[in-house]
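Protein chains in written order, with my numbering: chain A, 1 to 114; chain B, 1001 to 1112.
Structure follows, in structure tokens:
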């Protein structure tokens, strides 16, 4: 257990559905991240939140919409996704987004878009 | 463009062997290099190497950083089947807002 939890662990959705991924960290960290991991590709950073403020949007399509209501919770809202969005979505947290950056990862949500 | 390249992409060894995993990088204003181990799902942190700490060791695992040649190695001695995993290398630059650039990983399989 890393102190970062994600729900759901698996999600299957159609292209017209709307769903949300949830991440919660119990480490007292101030920075949270969403990553996408596709087969045989490097982890791709999607969004960074530092003290609840979004500090990075790595050219992510608008069908992915993040929300960070507080430093402990991070959501990824999904709508009208494409089959190529199927991947493992990982959440991570770190003490801060501006200092040496040991990130702790959650177990991920395995997303399948039909 | 910042990038991280790991080699080999996959490796099969037998228990007791020693393995060396490679990571080369290009990053603006290097701050740190991190190694993670990813088994089923969540990557778990192994080491962080910075300008002030270019060699780390924990049990059978050790890592060095060569800032001049822009690479790092992760060494695992006396491998065990539990070492089977994907090993990820990532780098961070200063003033990049916590952004880590990951390599594609090395998939290590340790056979009994």
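Note that beta-carbon positions come from the ideal geometry of N, C-alpha and C, so glycine has one too.
- Interface with chain A (8 angstroms Cβ-Cβ cutoff): residue 1057 (chain B) is excluded.
- Nearest CB-CB separation between residue 83 (chain A) and chain B: not below the 8 angstroms threshold.
- In the DSSP annotation of this structure, the continuous segment of the beta strand (DSSP E) that includes residue 46 (chain A) starts and ends at 44 to 50.
- Within chain B, the residues placing a beta-carbon under 8 angstroms from that of residue 104 (chain A) are 1045, ordered along the chain.
- By the Cβ neighbour-count rule, residue 1112 (chain B) is exposed, with fewer than 16 other Cβ atoms within 10 Å of its own.
- Here residue 1066 (chain B) carries a strand assignment [DSSP, helix/strand/coil].
- Three or more pairs of CB atoms, one per stretch, sit closer than 8 angstroms, so the region 5 to 22 of chain A contacts the region 72 to 85 of chain A.
- Rounded to whole angstroms, the separation of the alpha carbons of residue 74 (chain A) and residue 27 (chain A) is 14 angstroms.
- At a Cβ-Cβ threshold of 8 angstroms, residue 1101 (chain B) and residue 1022 (chain B) do not count as neighbours.
- DSSP, reduced to helix, strand and coil, places residue 1082 (chain B) within a helical segment of the structure shown.
- Judged by DSSP secondary structure, residue 1019 (chain B) falls within the beta strand (DSSP E) whose first and last residues are 1019 to 1026.
- In the assembly as shown, residue 1094 (chain B) is an exposed residue. Its beta-carbon has fewer than 16 other beta-carbons within 10 Å.
- Taking a cut-off of 8 angstroms for Cβ pairs, the region 1024 to 1032 of chain B and the region 1064 to 1081 of chain B touch, as three or more such pairs fall below it.
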